[in-house]
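Chains as they are written, first to last, in my numbering: chain Z, 3 to 349; chain P, 3 to 349.
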């Protein structure tokens, strides 16, 4: 066993605090990663507060992990010691169902293994995430990291990056298209970067005019303030090919459905805890689509990282010491971060 | 002016009764159709009862019209006197917007002209529908009718047929696919016929076991009773490529979303007057789509009729005299028709 340490939640209401625990020795297909950086995802907060109802403690959050390989198992072929490596939301799956075989491990029919707050396939070993010094993972669920990027800006690509890249690719966003991004946070700012990079014309929908300068800097052509729905409808109704909605807080989806053109598509990547109402006429008139998307499989996550390396895309981040994690949670809840906290696990 | 007669509603609560009115003389691009048959669509009842809030009276309903051409304008090229002709839900549109130019007249950006309870493009002339002896319509909005079909079974194709044909075609339903049809009424029974004809394996979801024999006769492989959601989920969760939901009455869409496979699509063609709740997790987990579809444009309606001629597909109907229209409305409201009333306008 490998002794390590990190930050854990010990119950659903208290702060995170230092925690000592062990990782398994690498098995033949495993790699040991010394973690350099780990992003702070809003879902870490949901999990720690047990807002999804399945929390187990102590819980070491973190699924936006990058670091260096320091040890490899005897059968490892994808990595050598010294390589950069990343881990996202998943560390295993059944590997045999139709979805796994097609590379959609996030939809494993037998249940994928989350990077933390989950059980390994043995059914008993708990998983601990990236708010820690090291992690041991099968090379099949580890990602190759482009060497030309600023490593700390890569960490959040493992969740915020793939969550937005995947639907934009799946629904074929590209040149000549008008794309809306709802919400400019960790996910939204990456959606703007990708959609712009794919050649689309991007509008950011936000309640906060203060983000306009950032929206334009990130690649948007315009910012639309949503506080006056009637006015915004007048300008934008029927204009958009594709809208990606990154907002988890309850909000009216019907407004955005009206922004779509005929055959337009709106995709949700946030999970509101109150089920939204849909005016069915907003789908029927114009043959419109409302869909959902969940992170991405391992092959597409690798594709996204390679794309980011080629096009020099990283996240906009604020680097902090792990000891400030509770402050980072507070500020994330207040949307007071541009646009992702990243823990400096070497500090 | 051409004197004619039909059945009209004179207010939103009373019965339909005989009504005398006039049609315009055919203009150069118009044809005069002596109506043989007109289908009774559930939306005729919504309109007459002013349930969509835009009723004007007297109202002559009817948008599933077939008959014979008895007079043509000087520029008409598609029809000669004696031809069969049909009229569906639309009799005109702006013809210049992007949707019209692409053949999607049902989504005309400047407002299409409904076959009844609408205003012609002159902004003043009211339109009257097919519960009448004749109709005058631009040849551009008249359909050619295959001569090999039993004419009275063709009438409901103009609405019930195209409403189900269009989404099944648009989303590429075909061999090897598992398709669900929710509701076995006027729309549902045509969805079963088309999906089966396109090579899919069809399951009918209904509350009523009494329809099982019919479902199988129409082309379904099985009938699933929806009165016990837990049991039906056990059997059908994650199994369907495509579901077409033809039910207008409020019902839980989340049950059906769970029947879809990864990347499965559910399309609504009914318009519930209570906006449904969507559990967003049912879209996100499995990258599923909820969409809507509205009748079809003129080119696709013609394609559908041609397909029906080639494959000998008509609607299952119950032929009645127009004088029994009020009884037909009552029985339609009670789902007591297999599967569409058609008025015999020659009787």
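Glycine residues also receive a C-beta, built at the ideal position from the N, C-alpha and C atoms. Only a predicted model underlies this, so the values are computations on that prediction, with no experimental measurement involved.
Is residue i near residue j, with beta carbons less than 8 Å apart?
i: residue 181/P; j: residue 162/P; result: no
i: residue 337/Z; j: residue 190/Z; result: no
i: residue 299/P; j: residue 106/P; result: yes
i: residue 193/Z; j: residue 207/Z; result: no
i: residue 39/Z; j: residue 324/Z; result: no
i: residue 169/P; j: residue 295/P; result: yes
i: residue 99/Z; j: residue 34/Z; result: no
i: residue 166/P; j: residue 89/P; result: no
i: residue 183/Z; j: residue 204/Z; result: yes
i: residue 265/Z; j: residue 179/Z; result: no
i: residue 7/P; j: residue 27/P; result: no
i: residue 269/Z; j: residue 293/Z; result: yes
i: residue 334/Z; j: residue 47/Z; result: yes
i: residue 297/Z; j: residue 102/Z; result: no
i: residue 339/Z; j: residue 157/Z; result: no
i: residue 241/Z; j: residue 214/Z; result: no
At which residues does the beta strand (DSSP E) containing residue i begin and terminate?
i: residue 282/Z; result: No beta strand (DSSP E) contains residue 282/Z, which DSSP labels as neither H nor E.
i: residue 243/P; result: 242 to 247
i: residue 338/P; result: From DSSP, residue 338/P is part of no beta strand (DSSP E); its letter is neither H nor E.
i: residue 46/P; result: Note, residue 46/P: premise wrong, no beta strand (DSSP E); alpha helix (DSSP H) at 44 to 50.
i: residue 89/Z; result: 86 to 89
i: residue 70/P; result: 67 to 74
i: residue 122/P; result: First-last for residue 122/P: undefined, no H or E at that position.
i: residue 5/P; result: 4 to 11
i: residue 205/Z; result: 203 to 208
i: residue 273/P; result: Unbroken run through residue 273/P: none, as it is neither H nor E.
i: residue 319/P; result: 319 to 322
Along the chain, where does the alpha helix (DSSP H) that runs through residue i open and close?
i: residue 303/Z; result: 300 to 313
i: residue 169/P; result: 162 to 172
i: residue 351/P; result: Because chain P in this structure spans residues 3 to 349, residue 351/P falls outside the shown range and cannot be described.
i: residue 159/Z; result: Neither: residue 159/Z is in no alpha helix (DSSP H) and is coded neither H nor E.
i: residue 102/P; result: 100 to 103
i: residue 255/P; result: 255 to 259
i: residue 219/P; result: 214 to 220
Going by C-alpha distance, which of the options is nearest residue i?
i: residue 311/P; options: 246/P, 145/P, 34/P and 335/P; result: 145/P
i: residue 57/Z; options: 121/Z, 24/Z, 8/Z and 21/Z; result: 121/Z
i: residue 97/P; options: 143/P, 264/P and 319/P; result: 143/P
i: residue 350/P; options: 229/P, 218/P and 32/P; result: Limits of chain P in this structure are 3 at one end and 349 at the other, which puts residue 350/P out of reach.
i: residue 52/P; options: 79/P, 275/P, 343/P and 333/P; result: 275/P
i: residue 346/Z; options: 155/Z, 75/Z and 261/Z; result: 155/Z
i: residue 62/Z; options: 28/Z, 20/Z and 78/Z; result: 20/Z
i: residue 202/Z; options: 211/Z, 95/Z, 220/Z and 213/Z; result: 220/Z
i: residue 285/P; options: 297/P, 301/P and 267/P; result: 267/P
i: residue 232/P; options: 36/P, 319/P and 256/P; result: 256/P
i: residue 117/P; options: 139/P, 223/P and 319/P; result: 139/P
i: residue 85/Z; options: 30/Z, 235/Z and 147/Z; result: 147/Z
i: residue 318/P; options: 6/P, 309/P, 301/P and 341/P; result: 341/P
i: residue 316/Z; options: 339/Z, 322/Z and 159/Z; result: 159/Z
i: residue 31/P; options: 37/P, 260/P, 141/P and 301/P; result: 141/P
i: residue 64/Z; options: 134/Z, 95/Z and 74/Z; result: 134/Z
i: residue 5/P; options: 17/P, 24/P and 82/P; result: 24/P
i: residue 236/P; options: 222/P, 217/P, 290/P and 258/P; result: 258/P
i: residue 313/P; options: 199/P, 109/P, 217/P and 215/P; result: 199/P
i: residue 129/Z; options: 60/Z, 75/Z and 329/Z; result: 60/Z
i: residue 29/P; options: 210/P, 76/P and 164/P; result: 76/P
With a threshold of 7 Å (Cβ to nearest heavy atom), would residue i be considered close to the ligand FAD?
i: residue 51/Z; result: Ligands displayed in this structure: none; no statement on the ligand FAD is therefore possible.
Give a yes or no on whether 8 Å exceeds the smallest Cβ distance from residue i to chain A.
i: residue 106/Z; result: Of the protein chains in this structure, namely Z and P, none is chain A.
Report task. Mind the definition here: the region 4 to 14 of chain P touches the region 114 to 127 of chain P only if three or more C-beta pairs lie below 8 Å; say whether that holds. Result -> no
Query - Against chain P: residues of the region 273 to 298 of chain Z by CB proximity under 7 Å - result: 273, 274, 277, 278, 279, 280, 281, 282, 283, 285, 286, 287, 288, 289, 290, 291, 292, 293, 294, 295 and 296
**Report entry** Cβ contact check for the region 168 to 179 of chain Z and the region 142 to 151 of chain Z: 3 or more pairs under 8 Å
**Finding:** no
Requested in this report: Determine contact between the region 300 to 308 of chain Z and the region 266 to 284 of chain Z, defined as no fewer than three beta-carbon pairs at a distance below 8 Å.
Outcome: no
Report task. Give a yes or no on contact between the region 230 to 249 of chain P and the region 60 to 69 of chain Z, applying the rule of three or more CB pairs nearer than 8 Å. Result -> no
Query - Contacting positions in the region 110 to 130 of chain Z - beta carbon closer than 8 Å to chain P - result: 111
Query raised in the report: Hey, is the region 32 to 46 of chain P in contact with the region 99 to 113 of chain P, meaning 3+ C-beta pairs nearer than 8 Å?
Result: no
Query raised in the report: Got a sec: which bits of the region 134 to 160 of chain Z sit with their beta carbon under 7 Å from any beta carbon on chain P, in order along the chain?
Result: none
**Report entry** Interfacial residues, the region 249 to 265 of chain P to chain Z, with Cβ spacing under 7 Å
**Finding:** 264
Requested in this report: Using a Cβ-Cβ cut-off of less than 7 Å, list which residues of the region 79 to 104 of chain Z approach chain P; keep chain order.
Outcome: 101
Query raised in the report: Taking Cβ-Cβ distances below 8 Å as the criterion, which residues of the region 213 to 235 of chain P are in contact with chain Z?
Result: none
Query raised in the report: What residues in the region 334 to 345 of chain P have a beta carbon less than 7 Å from any beta carbon of chain Z?
Result: none
Query raised in the report: At a Cβ cut of 9 Å, what residues of the region 161 to 175 of chain P count as close to chain Z, listed as they run along the chain?
Result: 168, 169 and 172
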